[in-house]
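Structure first, commentary second.
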Amino acid sequence: MRAAIVGTGARAQMWAHELRQHGDLVALADTNPARLAAFQRLIAGNRSQPAPAGEAVSGHAAPASWVIAQSADVARMLAAERADVLVVCSPDATHDEHIVAGLDAGAHVITEKPMTTDAAKARRILDAQKRTAGLVTVAFNYRYHPVYAQVKQVLPRIGEISSVHFEWLLDVRHGADYFRRWHRDKAQSGGLLVHKATHHFDLINWWLGTTPEQVSAQGKLFFYGEAGRRHGYDRGYARAHGTAEAVGDPFALSLQDNPAMKALYLDAEEHDGYQRDLNVFAPGVSIEDDLAVLVRYASGATMSYHLTAFSPWEGLRIAFNGSQGRLELDLTESDHVAPGVSGAVKGHSAALHGAEAAAEQGGVSLRLRHFWQPPQDLPVATYEKTGHGGADSRMVAAIFSAASAPTATDGAWALLTGLAANESMRTQRSVRASDLLDLTEWES
Ligand SMILES: NC(=O)c1ccc[n+]([C@@H]2O[C@H](COP(=O)([O-])OP(=O)(O)OC[C@H]3O[C@@H](n4cnc5c(N)ncnc54)[C@H](O)[C@@H]3O)[C@@H](O)[C@H]2O)c1
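According to the working numbering, the residues represented by the sequence shown are 291 to 734, in order.
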């Protein structure tokens, strides 16, 4: 397997590390030459900080660097480097052009979630897959989290599923991070119901073995952006770097204090103006931070779902009501945000360190309730407390084994719930998923 990655920012680091367990990483592409160079130094010898410029790469051969302007350059790269797998890690709204270019160049494509951001782009991807020999895999790593995989195993024990009540909470560290950069622009991320909830909507489709039919939603920007200024947290600056008002602000991300983030973002700004550390209350937010969604599925099941991006703690609560009882999962990823690391980035080990991070507690409870029986607390699958519960390595291993992995159609179904919810918020009407994209055309 000869793989190439397009989009060498935060997420691509996981792929660079994992891909090398399964084959050769032969090329990297990005629109920003400084970020690409910093990324090369970052992955040399699996570092958490970039090596000094010019220092030899250890362990693996350094992949070729391609500074690209458009997806045609990705096709040229794949041919020149004889890569047969393309991993797409660029911002969400750009996935489709690289996926299609990769398929047309004869490669298999693994794309980060969400597969894309609108129905027309999803159609382009599905059409391209149909006319080429390539396969698209969507990196839904949540399916490979041991606890979520266990839910899939246990669910049949409550019989036919009638309804699901699902709440996902993003805390004021992780949730805030979507309001500091490109995710805050709906045109680039599709909003949190596409960018983030695509994981959750895919889990529901997979757990229940069904697909969404009818969706209605309400959402608003309550806490971040200009709308949130009334709550008194805004310090009135545009970006954190070089701003006195940002010092001590729990919402400020300090790029200067993190060598990897400084090299990847701050030192690369001159090429594209990408500022990673915007004030979460600065103007320009076009996404929501508080969202309520109601879905009816083809199986007849319904779901009430809520996503909150400004919670004191992070995790989820989900309950399934079935013909033979009820299954309840409560998973706390962190029970609070420790003050000393509030401005750090979740999952970024160099930024979350020491006693402060350790002060945050996690926990999980999976409770099975059968009629006329006391509740049963199920022993829960062990999972790592970092790196998405170990899901990333398991996902990459599954993709490169004979195991089945989430397909482009799975990506489109997960996307459709979010798109229909966005459309419902826009029109204030209930939306049929098939009116946006009729997937029967590609499923046959
Ligand atoms: N499954 C997960 O757990 C998970 C976690 C984080 C991110 N992601 C996904 O990974 C993707 C990347 O997110 P990130 O946090 O690494 O973002 P990022 O901003 O850190 O990196 C994106 C990179 O893409 C480059 N880029 C911008 N426009 C481009 C274009 N047109 N063509 C090629 N490259 C371009 C940027 O220069 C940057 O280097 C997103 O789709 C995101 O949803 C998934």
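All residues carry an ideal CB built from backbone N, CA and C; glycine is no exception.
Mind checking residue i: buried by the 16 CB within 10 Å criterion, or exposed?
| i | result |
| --- | --- |
| VAL537 | exposed |
| PRO629 | exposed |
| ARG760 | For residue 760 there is no data in the structure shown, the boundaries of the chain being 291 and 734. |
| GLU604 | buried |
| ALA704 | buried |
| GLU450 | exposed |
| ALA550 | buried |
| PHE661 | exposed |
| LYS477 | The residue you asked about is not Lys; residue 477 is Ala in the sequence shown. Exposed, since its Cβ has fewer than 16 Cβ neighbours within 10 Å. |
| ALA534 | exposed |
| HIS521 | exposed |
| LYS552 | buried |
| HIS560 | The identity of residue 560 in the sequence shown is Glu, whereas the question assumes His. Label assigned to GLU560: exposed. |
| ARG325 | buried |
| ASP467 | buried |
| ARG463 | buried |
| THR407 | buried |
| THR717 | exposed |
| THR401 | buried |
| GLY465 | buried |
How big is the Cα-Cα spacing for residue i and residue j?
| i | j | result |
| --- | --- | --- |
| ALA362 | LEU459 | 39 Å |
| PRO381 | GLY633 | 22 Å |
| VAL479 | THR384 | Looking at the sequence itself, residue 479 is Ser, so the reference to Val does not match. The straight-line gap from Cα to Cα measures roughly 9 Å. |
| THR598 | ILE448 | 28 Å |
| ASP738 | GLN614 | Residue 738 lies beyond the stretch modelled for the chain, which goes from 291 to 734, so this question has no answer here. |
| THR251 | GLN663 | Nothing can be reported for residue 251, as the shown portion of the chain is limited to 291 through 734. |
| GLY708 | ALA487 | 7 Å |
| ARG474 | VAL441 | 32 Å |
| ARG366 | ARG519 | 47 Å |
| THR699 | ILE608 | 25 Å |
| ASN322 | ALA302 | 14 Å |
| HIS485 | GLN419 | 22 Å |
| THR501 | ARG331 | 43 Å |
| ALA412 | LEU706 | 9 Å |
| PRO446 | GLN666 | 15 Å |
| SER506 | GLU387 | 30 Å |
| ALA591 | ALA710 | 17 Å |
| GLU371 | GLU733 | 33 Å |
| ALA692 | LYS403 | 21 Å |
| ARG421 | ALA395 | 12 Å |
| GLN651 | ASP374 | 42 Å |
| SER601 | ASP579 | 10 Å |
| ALA640 | LEU554 | With a pLDDT of 42 at ALA640, under the threshold of 50, the modelled position of that residue is not reliable, and no figure is offered here. |
| GLY297 | TYR527 | 29 Å |
| ALA327 | PRO436 | 35 Å |
| PRO669 | ALA439 | 14 Å |
| SER740 | ALA409 | The structure shown does not extend to residue 740, since the chain is modelled only from 291 through 734, so no value can be given for it. |
| VAL428 | LEU376 | 12 Å |
| LEU729 | VAL721 | 15 Å |
| ASP557 | HIS531 | 12 Å |
Consult DSSP for residue i and reduce its assignment to one of helix, strand or coil.
| i | result |
| --- | --- |
| ILE577 | coil |
| TYR587 | strand |
| ASN569 | coil |
| ASN548 | coil |
| GLN311 | coil |
| ALA640 | The predicted position of ALA640 is uncertain, since its pLDDT is 42 and thus under 50; a value taken from the coordinates is nonetheless stated next. Coil, per DSSP. |
| ALA346 | Residue placement at ALA346 is flagged as unreliable, the pLDDT there being 49, under the threshold of 50; a coordinate-derived value is accordingly withheld. |
| ASP539 | coil |
| VAL770 | Shown here, the chain extends from 291 to 734; a query on residue 770 therefore has no answer. |
| TYR434 | helix |
| VAL390 | helix |
| GLY605 | strand |
| HIS722 | The sequence as given places Arg at residue 722; His does not occur at that position. Correct three-state label for ARG722: strand. |
| GLU560 | helix |
Tell me where the alpha helix (DSSP H) around residue i begins and ends.
| i | result |
| --- | --- |
| ASN495 | 487–498 |
| SER624 | Per DSSP, SER624 belongs to no alpha helix (DSSP H); it is in the beta strand (DSSP E), 615–624. |
| ILE415 | 409–421 |
| TRP703 | 698–717 |
| TRP732 | 730–733 |
Would you give the residue range spanned by the beta strand (DSSP E) that residue i belongs to?
| i | result |
| --- | --- |
| ARG657 | 653–660 |
| PRO502 | 502–510 |
| PHE329 | Looking at the DSSP string, PHE329 is not in any beta strand (DSSP E); the run it does join, the alpha helix (DSSP H), is 323–333. |
| THR533 | Per DSSP, THR533 belongs to no beta strand (DSSP E) and is neither H nor E. |
| HIS398 | 398–401 |
| ASP461 | 451–461 |
Just confirm the distance between the C-beta atoms of residue i and residue j, as a whole number of angstroms; I'd bet it's less than 8 Å.
| i | j | result |
| --- | --- | --- |
| ARG566 | LEU581 | So it is not a contact: roughly 24 Å between Cβ atoms. |
| TYR434 | ALA688 | 6 Å |
| ALA657 | GLU618 | Checking the displayed sequence, the identity of residue 657 turns out to be Arg instead of Ala. Confirmed, Cβ separation roughly 5 Å. |
| TYR514 | VAL444 | Not really, about 36 Å apart at Cβ, beyond 8 Å. |
| HIS259 | PHE690 | Residue 259 is absent from the structure shown; the chain starts at 291 and stops at 734. |
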